[in-house]
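Inspection log for the structure reproduced underneath, given as structure tokens.
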Amino acid sequence: MTRNLLMAASAALLLSVSAAHAAPPANVVTAVADASRPEADKARDAARKPAEILTFAGVKSGDKVVELLPGGGYFTRVLSAAVGPTGKVYAAVPAGDVEKTKAALQKGNVEVVTLDAKDFKTPEPVDVMFTAQNYHDFHLKQLALDVPAVNKTLYNTIKPGGMLLIIDHTAVTGAPIEVADSLHRIDPAIVKREVESAGFKFVGEDNAIRNPADDKSVNVFDPKIRGKTDQFVYKFQKPKA
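Residue numbers (our numbering): 3 to 243.
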């Protein structure tokens, strides 16, 4: 009896892992394999796991997606290919970065828009909102943002039933919000609490880029850990009604 129970539990665990990392759909496979992607982007795939991340986000061909603070455009380029010519990607950046971002992201279905944290709205409601390694920045002292108001603004630009995907550097459990400034990390529990308070429903998390070897005590830009931090991937949904 005990042996049977153990076997059943093991099978259930294997099924849950398989479900968490299901085979990527064709649009994601094609996007990651896109020959036009810069070699520097491809070199980062092993660490950033774009196929797993986009599969978990549920990005489909034809989707309208907004990426907040895309940086160099690593995920923007993959998202652009994944949504295809019938889809759209809005790259949202501060006003001072608009022209630089336009020059870096010359894709036909990518439109660079200004990110105004206090009154942000995409030209149309989106199916997916995506941000990687940026949520903790909402808490930087120099920005002095009203984070609940920012999250409500983001909520309003997503379609009912649409998804919000947040990737960020993990802080130790119970870490104060001040580590956003000192370490550029955040306790995932804070993110979950704040985002749910805006009206989103937590859907689940993916462990594709977790790293238990990261002791979370150093700044993410420290050469000892840069590019190898423990990162959480959370998915939220705006209720359909």
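For every residue, glycine included, the Cβ atom is placed at its ideal position computed from N, Cα and C.
Open item on the list: DSSP three-state label for S18, please.
Closed with: Low per-residue confidence applies at S18: pLDDT is 40, beneath 50, and the placement is therefore not dependable, though the value from the model is reported in the following sentence. S18: helix per DSSP, three-state reduction.
TODO: Just grab the DSSP bridge partners of Q239 for me.
DONE: M165 and K203
Open item on the list: Determine whether the beta carbon atoms of G164 and K240 lie at a separation below 8 Å.
Closed with: yes
TODO: Using a threshold of 8 Å, state whether the C-beta atoms of H171 and Q135 are closer than that.
DONE: yes
- [ ] Mark D208 as exposed unless 16 or more other C-beta atoms lie within 10 angstroms of its C-beta, in which case mark it buried.
- [x] buried
Task: Length of the line joining the Cα atoms of K154 and A48 - done: 34 Å
Open item on the list: Counting C-beta neighbours from all protein chains within 10 Å, is the total for R79 16 or more, i.e. buried, or is it exposed?
Closed with: buried
TODO: Label T116 either buried or exposed according to how many other C-beta atoms from any shown protein chain fall within 10 Å of its C-beta, with 16 as the threshold for buried.
DONE: exposed
Open item on the list: Excluding the 5 residues flanking F58 on each side, which residues of the same chain have their C-beta closer than 7 Å to its C-beta?
Closed with: D208, V235 and K237
TODO: Would you give the residue range spanned by the beta strand (DSSP E) that V85 belongs to?
DONE: From DSSP, V85 is part of no beta strand (DSSP E) but of the alpha helix (DSSP H) over Y76 to V85.
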